[in-house]
Amino acid sequence: MKKLTALLVGSLLFASLAACNNAAKTSATAPNTTEETVEAPEADTAQTNQGDATSDIRRDQLNADIRAREQRNNITGGDTDRADGDLRSEVRSKLEANLPAGQLAVDAEDGAVTVTGTVPTQEQLERIEPLAREIKGVQAVSVNVQVVPAQPETDEVETNQSPGT
Numbered sequence: 003m004k005k006l007t008a009l010l011v012g013s014l015l016f017a018s019l020a021a022c023n024n025a026a027k028t029s030a031t032a033p034n035t036t037e038e039t040v041e042a043p044e045a046d047t048a049q050t051n052q053g054d055a056t057s058d059i060r061r062d063q064l065n066a067d068i069r070a071r072e073q074r075n076n077i078t079g080g081d082t083d084r085a086d087g088d089l090r091s092e093v094r095s096k097l098e099a100n101l102p103a104g105q106l107a108v109d110a111e112d113g114a115v116t117v118t119g120t121v122p123t124q125e126q127l128e129r130i131e132p133l134a135r136e137i138k139g140v141q142a143v144s145v146n147v148q149v150v151p152a153q154p155e156t157d158e159v160e161t162n163q164s165p166g167t
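Using our numbering, the first residue of the sequence shown is number 3, and each one after it goes up by one.
Spelled out as structure tokens, the structure:
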């Protein structure tokens, strides 16, 4: 029974490790990788994302997660030697809390963080690098983000076609 439990736990850990190899995203419509580009978000998507990320509860949760990771890293003695997954997650959380209307993907490798996607204003674009550098262990930041204002919703136009056309 103990061997079966150990096998199941090991399998679960292996599966979760394999799933963690993706870029961290600030929203469901953000790019899946840092090489992918995204279209301009619709106005309702940006407002929904902004409403979620700017809520006090969500902002507190993101900041608490960042503090917990930093405390855990301090206990292990590696203030600047951070795992890529931790950097990716912490930078994503920081950007999500402070740039809620952005659709950003974050990747990290050996302390170098790459941020891609779109933000609605130039002001938000300029805040990405300083926010990312606030996270311990970030050594370099590459920002490949475009400013794309949110597009207003468009009503679908119905076309009436008769069977003979």
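C-beta: ideal position from N, C-alpha, C; glycine also.
Continuous alpha helix (DSSP H) stretch holding residue i: start and end
i, result
"Ser91", "Asp86 to Asn100"
"Glu131", "Gln124 to Arg135"
Cβ distance (whole Å) where residue i is taken to contact residue j below 8 Å
i, j, result
"Val93", "Val140", "7 Å"
"Val2", "Gly104", "Nothing can be reported for residue 2, as the shown portion of the chain is limited to 3 through 167."
"Arg90", "Ala70", "Going by Cβ atoms, the distance from Arg90 to Ala70 rounds to 16 Å, so no, they are not a contact pair."
"Asp67", "Ser95", "6 Å"
"Glu98", "Leu64", "6 Å"
For residue i, the nearest candidate out of the options (CA to CA)
i, options, result
"Ala85", "Thr116, Ile130 and Asp112", "Asp112"
"Gln148", "Ala142, Pro132, Glu136 and Thr123", "Thr123"
"Leu101", "Gln73, Ser13 and Gly119", "Gly119"
"Val143", "Gln73, Arg74, Arg129 and Val150", "Arg129"
"Glu72", "Pro151, Lys5, Leu14 and Glu136", "Glu136"
Bridge-paired residues (DSSP) for residue i
i, result
"Val117", "Val108 and Val145"
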